[in-house]
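K.L.:
Next up is a structure, given as structure tokens.
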Amino acid sequence: MRTGRDYKFWFCTGSQDLYGDECLRKVEEHSRIIVEELNKSGALPFEVVWKPTLITNELIRKTFNEANADEDCAGVITWMHTFSPAKSWILGLKEYRKPLCHLHTQFNQEIPYDTIDMDFMNENQSAHGGREYGHIVTRMGIERKVIAGHWADAKVQGRLASWMRTAVGIMESSHIRVCRVADNMRNVAVTEGDKVEAQIKFGWEIDAYPVNEIAEYVQDVKKGDIDVLVEEYYNRYEILLEGRDPEEFKRHVAVQAGIEIGFEKFLEEKNYQAIVTHFGDLGSLQQLPGLAIQRLMEKGYGFGGEGDWKTAAMVRLMKIMAAGVKDAKGTSFMEDYTYNLVPGKEGILQSHMLEVCPSVAEGKIGIKVCPLSMGDREDPARLVFTSKAGPGIAASLVDLGDRFRLIINEVECKKVEKPMPKLPVGTAFWTPQPDLATGAEAWILAGGAHHTAFSYDLTAEQMGDWAASMGIEAVYIDKDTTIRSFKNELRWNEIAYRK
Ligand code: MN
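Per my numbering, residue 34 is the first one in the sequence shown, and the count goes up by one each step.
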């Protein structure tokens, strides 16, 4: 499914006419070269578009308003080549509504020791101009990304690439629509939240439907279409019968194929990019959507279990931000299930009743049909696998009553020591940073949920930048976390984020 537009980023260079036309010609030449080289580098996920040098209030204001109006523009990258008096930027910045990056760089990497004179100094003064510009953005209280370093440096380009993904997440956040086919699981607190406030803060639209309305779409799926999809499943996945009758097994799998096709049609027709189900409210559905939801997540849909619309929207958001990452390792809905507390081998086994996205899988993916041990439906078919090793992030968005908080934990995913032949679900296993005990204590103190949106392909910095753009609190649990300072941070944030 579509995860976003073919976004572009505008490159706007700040200067002034104090140093004459010759200087402005150089400014233009330099900024054109930077844009050209950035696009040629292959490091950026989106195209950078050169814009004429900004030197007057009028042009700055006009350019920012054109950026607002251009649907393909996901943000403006600003660079102060020379000194650009920042009062000129006030009106433009005031009217600008999209992600903003201040690339604090300069054309030359090294000081030209043998030839440097005052003309060169006046012409190449980013160290000077970047501070004047930065001052006004800070004074105006505008959220922006500042990236400092030489533009040709791989690390700088990597940070710019990473910010571009965040910017697209910010742009696309307001297009996320979550379809709830069941309400929140009875008595559960952390999956609840203020949907009106979520629309104000994040732009998310969260709508409910009676489950039987989507179930009708499932009933209407043609048998021929189901047969084709079942065949695809059988070609792609390993069939793990485990003593079940092959025909009976296939009938159970076919139910999930019908759900996948029916749900996708419903979501597409009604323009939803994320879905929430609940095992206790299935209406006329024959099985809890398992394999079907796993496949929809793999296609880019967000998902949350038991009515958890916040996590469903977060999974969708993170899939948008990670779309097109080279050698992507996957993004999924997850749930903290059970610990391994053996010293030196500590970790949390992650899974859900059924709904883990196969994009995180490593190795073979199998299909099993097993009882659910909850609810009152027939045994659902599901994809089973274990996940990749390596670093990732787990994010939990919680509603604290007066505000949202995003909790971001860096985690290290590992292979489990031994196979788990009797466990019929997709799993991941990770050790939270800085260690299991500190990570779990900090998570609990912050009020983090048991459900998370997890990705191998995004960083804590990206999620924190997204939260900052949305104007909400974000806390990080990583290698530097200590409980004493974390508790202070939470206490201070109570005041900083008070309405
Ligand atoms: Mn759950």
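For every residue, glycine included, the Cβ atom is placed at its ideal position computed from N, Cα and C.
Which class does Lys41 belong to by DSSP, given the choice of helix, strand or coil?
P.N.:
Lys41 falls in the strand class under three-state DSSP.
K.L.:
Does the distance from the C-beta atom of Gly163 to that of Met204 stay below 8 angstroms?
P.N.:
Taking 8 angstroms as the Cβ cut-off, Gly163 and Met204 do not qualify as a contacting pair.
K.L.:
Between the beta-carbon of Cys56 and the beta-carbon of Ile110, is there less than 8 angstroms?
P.N.:
Going by C-beta atoms, Cys56 is not nearer than 8 angstroms to Ile110.
K.L.:
Run the proximity test for Gly340: is its beta-carbon closer than 7 angstroms to any non-hydrogen atom belonging to the ligand MN?
P.N.:
Answer for Gly340: no, Cβ out of range of the ligand MN.
K.L.:
Of all the options Val309, Gly167 and Asn521, which has the alpha carbon lying nearest to the alpha carbon of Glu225?
P.N.:
Among Val309, Gly167 and Asn521, the Cα nearest to that of Glu225 belongs to Val309.
K.L.:
With hydrogens ignored, establish whether the beta-carbon of Glu368 is closer than 7 angstroms to any heavy atom of the ligand MN.
P.N.:
Yes; taking the cut-off as 7 angstroms, the Cβ of Glu368 has a heavy atom of the ligand MN nearer than that.
K.L.:
For Met367, does the three-state DSSP call read helix, strand or coil?
P.N.:
It is a strand residue.
K.L.:
May I ask whether a heavy atom of the ligand MN can be found less than 7 angstroms away from the beta carbon of His385?
P.N.:
Yes; taking the cut-off as 7 angstroms, the Cβ of His385 has a heavy atom of the ligand MN nearer than that.
K.L.:
Pick from Phe462, Phe437 and Asp360: whose alpha carbon is nearest that of Tyr530?
P.N.:
Closest option to Tyr530, Cα to Cα, is Phe437.
K.L.:
Going by other Cβ atoms of all chains shown within 10 Å of its Cβ, with 16 needed for buried, is Ala102 buried or exposed?
P.N.:
By the 10 Å Cβ count, Ala102 comes out exposed.
K.L.:
Excluding the five sequence neighbours on either side, which residues of its own chain have a C-beta within less than 8 angstroms of the C-beta of Asp216, listed in chain order?
P.N.:
So the qualifying residues of the chain are Ala241, His311, Asp314 and Gly340.
K.L.:
So is the beta-carbon of His311 under 7 angstroms away from any non-hydrogen atom of the ligand MN?
P.N.:
No, since every heavy atom of the ligand MN falls outside the 7 angstroms radius drawn around the Cβ of His311.
K.L.:
What does a CB cutoff of less than 8 angstroms around Leu478 pick up in its chain, not counting 5 residues either side in sequence?
P.N.:
Cβ neighbours of Leu478 beyond the five flanking positions: Ile516, Phe519, Lys520 and Leu523.
K.L.:
Taking just the CA atoms, how far does Ile259 sit from Asn268?
P.N.:
Their Cα atoms are separated by approximately 14 angstroms.
K.L.:
Taking contact to mean at least 3 C-beta pairs separated by less than 8 angstroms, is the segment 452 to 469 in contact with the segment 494 to 506?
P.N.:
No, because fewer than three Cβ pairs between the segment 452 to 469 and the segment 494 to 506 fall closer than 8 angstroms, the two stretches do not touch.
K.L.:
Sort Ile441, Ile326 and Trp196 by Cα distance to Pro391 and report the nearest one.
P.N.:
Among Ile441, Ile326 and Trp196, the Cα nearest to that of Pro391 belongs to Ile326.
K.L.:
Hey, how far is the Cα of Val348 from the Cα of Cys134?
P.N.:
Distance between the alpha carbons of Val348 and Cys134: 25 angstroms.
K.L.:
Could you have a look at Cys390 and say whether DSSP puts it in helix, strand or coil?
P.N.:
DSSP places Cys390 in coil when its eight states are reduced to three.
K.L.:
Tell me the rounded alpha-carbon separation between Leu329 and Glu230.
P.N.:
One C-alpha to the other measures close to 27 angstroms.
K.L.:
Let me check one thing: in DSSP terms, what residues is Ala345 bridge-paired to?
P.N.:
None; Ala345 has no bridge partner.
K.L.:
Flag His484 as yes when its Cβ comes closer than 7 angstroms to any non-hydrogen atom of the ligand MN, and as no otherwise.
P.N.:
Yes, the beta carbon of His484 sits closer than 7 angstroms to at least one heavy atom of the ligand MN.
K.L.:
Report the option in Gly396, Thr199 and Glu91 whose CA atom is closest to the CA atom of Asp490.
P.N.:
Of Gly396, Thr199 and Glu91, the residue nearest in Cα terms is Thr199.
K.L.:
Quick one: what's got a C-beta closer than 7 angstroms to Ala248's C-beta in the same chain, skipping five residues either side?
P.N.:
The answer, listed in chain order, is Gly316, Ser317 and Leu318.
K.L.:
Count the other CB atoms, across all protein chains shown, that sit within 10 Å of the CB of Pro243; report buried if there are 16 or more and exposed otherwise.
P.N.:
Classification for Pro243: exposed.
K.L.:
What does a CB cutoff of less than 6 angstroms around Gln115 pick up in its chain, not counting 5 residues either side in sequence?
P.N.:
Residue identity differs from the one stated: residue 115 is Thr in this sequence, not Gln. Excluding residues within five positions, the ones whose Cβ falls inside 6 angstroms are Ser48, Gln158 and Gly162.
K.L.:
Can you tell me whether His377 is buried or exposed? The criterion is at least 16 other CB atoms within 10 Å of its CB, across all chains shown.
P.N.:
First, the residue type needs correcting, since residue 377 is Gly and not His in the sequence shown. With fewer than 16 Cβ atoms within 10 Å of its Cβ, Gly377 is classed as exposed.
K.L.:
With a CB to CB cut of under 7 angstroms and the five nearest residues on each side skipped, what residues in its chain are close to Gln495?
P.N.:
Excluding residues within five positions, the ones whose Cβ falls inside 7 angstroms are Ser195, Arg198, Thr199 and Met354.
K.L.:
Whose C-beta lies closer than 8 angstroms to the C-beta of Asp253 among residues of the same chain, with five residues either side of it excluded?
P.N.:
Here the set comprises Gly295.
K.L.:
Distance, Cα to Cα, Gly202 vs Gly276?
P.N.:
One C-alpha to the other measures close to 46 angstroms.
K.L.:
Please name the residue, chosen from Trp43, Leu71 and Glu69, that lies closest to Asn98 on a Cα-to-Cα basis.
P.N.:
Cα-wise, what sits closest to Asn98 is Trp43.
K.L.:
Given a cut-off of 8 angstroms, decide if Lys127 and Ala100 are closer than it, judged by their beta-carbon atoms.
P.N.:
It is not a contact, given that the beta carbons lie outside the stated cut-off.
K.L.:
Say whether the segment 78 to 87 touches the segment 54 to 68, bearing in mind that this needs 3 or more beta-carbon pairs closer than 8 angstroms, one atom from each stretch.
P.N.:
Yes, the segment 78 to 87 touches the segment 54 to 68.
K.L.:
Taking the alpha carbon of Gly480 as the reference point, which residue from Val458, Trp525 and Leu433 has its own alpha carbon closest?
P.N.:
Checked all of Val458, Trp525 and Leu433; the closest Cα to Gly480 is Leu433.
K.L.:
State the Cα-Cα distance for the pair Tyr266 and Ile88, rounded to the nearest angstrom.
P.N.:
Each residue's alpha carbon lies about 59 angstroms from the other.
K.L.:
Exposed or buried, Arg192, counting other C-beta atoms within 10 Å across all chains shown (16 or more means buried)?
P.N.:
Flag for Arg192 reads buried.
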